[in-house]
Amino acid sequence: MESTSADGGGFLSRMALNDNKAGMEGLDRERINKIIIESSKGSRFYENEAKKELQVNQRIEKMTLQRAQITEQQLQKAHTQVEKMVNELDMSRDLSRLIVHVDMDAFYAAVEMRDCPELKDKPMAVGSMSMLSTSNYHARKFGVRAAMPGFIAKKLCPNLVIVPCNFDKYRAVSNEIRKIFAAYDPNFMPMSLDEAYLDFTDHLEQRISWPESLRTHCLHTDITETGELQSKVPQESEPCVENLSPLLFEDSPSSTPSLPPSGEKVESGGGSEVFGTCVEEAVREMRFRIEQKTTLTASAGIAPNTMIAKVCSDKNKPNGQYRVPSNREAVMDFIQTLPVRKVSGIGKVSEKMLSSLGITTCAHLGQQMALLSLMFSETAWHHFMRISLGLGSTHMERDGERKSMSTERTFREMSVAEEQLSLCRELCEDLAADMKKEGLRGKTITLKLKNVKFEVKSRACTLPCAVATTDEIFAAAKDLLKTEIENVSPQQLQLRLMGVRISTFVSADDKKPQQKSIVGFLQQGSSGPSHGIVPNSVKETASHLPMERPPPAGSHILEQLPQKVPKLQGLPWAAGQTGAQVSVAGENQPQSFFQKAYAKKLSLQVRSLSETDKGQGSVCSGFTQPATDNPKSRGAVIEMHESAQGLLGSSGNPSITREEPVRVAPPEASASTSGAAAPDPETLTCPVCFGEVRTTDLQVFNRHIDLCLSGVATETPTDTDSESDGDGGPKGFTVIDEGVPEKGEDKERQKRSNPEDALSAFKTCDALRGPSVTRAEDTGDPGAKERRSGDKPLLDHHGSRRVHSPQRASSSHRGDPATQSSRLEAPPGHEGSTLICPVCQVPQNTHDLTVFNHHVDLCLNQEVLHMLAPPSSSSSSTMRPPVTAKRGQELHTARPNKGKSKRRGPPASPPAKKAKGRGSQNTIDKFFM
DNA sequence: GCGGATCAC
DNA sequence: TATGGTGATCCGC
């Protein structure tokens, strides 16, 4: 534990070596810390760390004062209450599951060592001089570890070899090991490329009756002439060959317990090994298979819940495993001496705060629960309580839907506003591309800035409607950035990082915002299940709906609360989505007359649109709205999270002046009638027959379109005001009004876009594009993103394994196609005829008009997207002029292509559609004007 | 809803 | 020369 009082002498505990990692025991911490501090002292980074340290210390001081005021009575009362809860929790303890946490040993480093044997004997790390992702065990002995800058690592270990990241490689290996994971738990929960939780319970139930043959695994290693290990073709069916146990780490504890004396088989050269039926043997087998397949070693923890399993996997790292048996005593024994810092969710700051209360182990945690309940939030102390009891998640939960998406980049100091705005746009382009891949739309845009003093600030605005395109996002982000620039004027913002985040996603089945938006219509099409086309697919996906494991009997409320432990990637449409197929079909069709005509019409419209201020359809104006302060109903947070991060979240940084948030006026009461905002409010143009429909009633207009699409309409209805359909029957185009700026807003926007405005001028200056951004090396861990990537591999079906556990593979779906409003009313007499899509001209294998309409929607979607894609734009990074690096500098492109392991899109991703151009808001108004 | 902070990987 | 990127959550406003 760090001594908080010892920080006085200028020593920053937060910068000290974090040796909370395998392979870093017994180091000369003093010497290492000295080097670390010496290397940093005086830097702006260091100064900022010092500032943060001070803040934490102040929090602790405050806490200490608070503690002194707690009376004995209060403590007593709290004690009885806590006691009661503890008992309840304890009784609800679920010891029935066998949870395994698997963690590859020094993953990236191990992969690099495998592929470059010369590295094996050397201290090495993966990353760059700026930041390391991981280090091998040899390097760890020098104090070199992940998240350490390479240049400091070099000082600790001058012979350190730093290898750049190669995520494609790691990903490939990861896919291999995941196939093995799936053999033991098809619903395994990947945490990152190299880590996962598995529930072995079901596997073991089956395994107990398996014949030995199913538990026999061959050795598939070969020895090259150089004596190096080589992984052979990873085929389980291959004949066994000579074995050599690969040793990545000379000091592997090899603590792997093997119940039967199976170890001899490894040495016997018999070429195969038989594994037992107990959980240790099953896990050992899994690790064996991983090693056979990848030549890399993994460590594992076995326990009744995720929290303990995670700790266990670290216990015998590398290349080892550890089990805490499934009984209360074993769990409590294990917990007693466990440092709180080892528990996932308790980080540097939490550790320090607890330490100031004399709490360093989980046993202390239990002893001080009454006090903790008085000093921490309910969320926090509940979490502490669960830790103190050795409780954790006992079931793998499906991943929830993504809540935000962001892109950020670090670069050399950038102070010129034009460059900053240009970079901002690039970030928005990246973000929009990512959004498109997942078919998402969000309402809140957050700009993140880090200045050269490492101070971070964020500014957000929430738009009235969800957005997704570059222009839409940029419109908001730009305003936020401009406001910040103006706020420091005439000084400059000296930035070292910029990021753009989008959140508050509007789900596909949330009809209101979704269907009001033509943008949604245009974009969602093939990417979301909300436009499911084929009825079969609907059924199929429904059958794949995840089945939750029932809560354990007698489960206490806290036990059932949502667990936050990383879950399966839940890309809503990772699997079974049909939109992609349809889109592809649509794209591949030759142009029909309809398409051509429609395209022509659209291109005219788009062209006329493009004359006006393109895309700056900012609905996020910089002005502040009179605070419609709502009484915050800040209810107590009830949810318990397995790893409740930020439990001790503090109350803001006093040193940063908080500015009034930029807000946006709520949408005017113009909803659903925006069609009237079109140039001619009296008529709308039908996209099918191109006839002018004299109405402003969208229902009427929709009905007309429906009829046209069904081939029934032969005349243009002219009844303008028959709002007959009070029944709210199925509609055609659900017309919209999102994003249509009010006149005033429009003006405001134009004002800010005035060419005289230096901050706006950049937009037209292509030369300013692609500022000299020093791209941060790829040291990031793609794992976090991986979690969301939805590329969960299928079960590795090899032979006779039959595990009847619920399938989660098809993931969740954002919207049920069946719930979407249908587009056509079925005209009588159409049941038997084949429907032909007027867009792609392909006969549709359905008589269901709802289904058919969905298809037409998608085809139209394709068309419009094609039309909107400017020939040169496609906003692809490849279009960016390369950035010229200064001499002696790496050539950094402004857009990292690789590190963005974000969203390794599954093949089920929507077909690559051309990006929309800089076109302005794609509102129905503009398309039909 | 915003902004800062914490945490995991 | 030089200290990351992405996503989530919590807390106090």
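Residue 657 in my numbering is what sits at position 383 of the first sequence, and the numbering runs on without skipping anything. Think of the CB as a built atom: it goes at the ideal place given N, C-alpha and C, for glycine as much as any other residue. The structure presented is a predicted model; accordingly, all values stated were derived computationally and were not measured.
Cβ pair residue i, residue j closer than 9 Å
i, j, result
"R733", "T718", "no"
"L697", "M772", "yes"
"R561", "V376", "yes"
"L372", "F474", "yes"
"T571", "P592", "yes"
"V418", "A399", "yes"
"Q595", "S630", "no"
"A706", "T744", "yes"
"K295", "A383", "no"
"I309", "L430", "yes"
"S370", "P599", "no"
"K584", "G666", "yes"
"S287", "E327", "yes"
With 16 other Cβ atoms within 10 Å as the buried cut-off, status of residue i
i, result
"I620", "buried"
"E625", "buried"
"L1132", "Its pLDDT being 48, under 50, L1132 is placed unreliably in this model, and the coordinates cannot settle the point."
"R305", "exposed"
"Q765", "exposed"
"I482", "exposed"
"T611", "exposed"
"M403", "exposed"
"K358", "exposed"
"C390", "exposed"
"R341", "exposed"
"M387", "buried"
"K752", "buried"
"D442", "exposed"
"D302", "exposed"
"Q332", "exposed"
"K677", "exposed"
"K415", "buried"
"N461", "buried"
Residues that residue i bridges to, as DSSP identifies them
i, result
"F779", "G716"
"L472", "V374"
"Q595", "A574"
"K724", "V730, L771"
"H491", "E547"
"M463", "Y471"
"V435", "M398"
"P613", "T635"
"T736", "T718"
"V741", "G716"
Presumed contact (8 Å Cβ cut-off) between residue i and residue j, rounded CB distance
i, j, result
"K722", "R683", "10 Å between Cβ atoms; not a contact."
"R699", "V741", "That pair is no contact at about 15 Å."
"M627", "M337", "7 Å"
"V726", "Q768", "4 Å"
"G550", "F608", "Actually they are not in contact, since the Cβ atoms of G550 and F608 sit about 23 Å apart, beyond 8 Å."
"L646", "Q348", "Actually they do not touch by this definition, with Cβ atoms about 13 Å apart."
"P397", "N410", "7 Å"
"K368", "T580", "Contrary to the premise, residue 368 reads as Asp rather than Lys in this sequence. Not confirmed; about 12 Å, so no contact."
Residue i, enclosing beta strand (DSSP E) - first and last residue
i, result
"M289", "Neither: M289 is in no beta strand (DSSP E) and is coded neither H nor E."
"F685", "678–688"
"I633", "Premise fails: I633 is in no beta strand (DSSP E) and is neither H nor E."
"A399", "398–401"
"T408", "406–409"
Alpha helix (DSSP H) segment containing residue i, residue limits
i, result
"R660", "652–662"
"E758", "744–762"
"F416", "Premise fails: F416 is in no alpha helix (DSSP H) and is neither H nor E."
"C586", "580–589"
"G424", "424–430"
"N361", "346–365"
"D442", "441–458"
"A556", "553–568"
"E318", "A small correction: the amino acid at residue 318 is Arg; Glu does not occupy that position in the sequence shown. That run of the alpha helix (DSSP H) goes 318–342."
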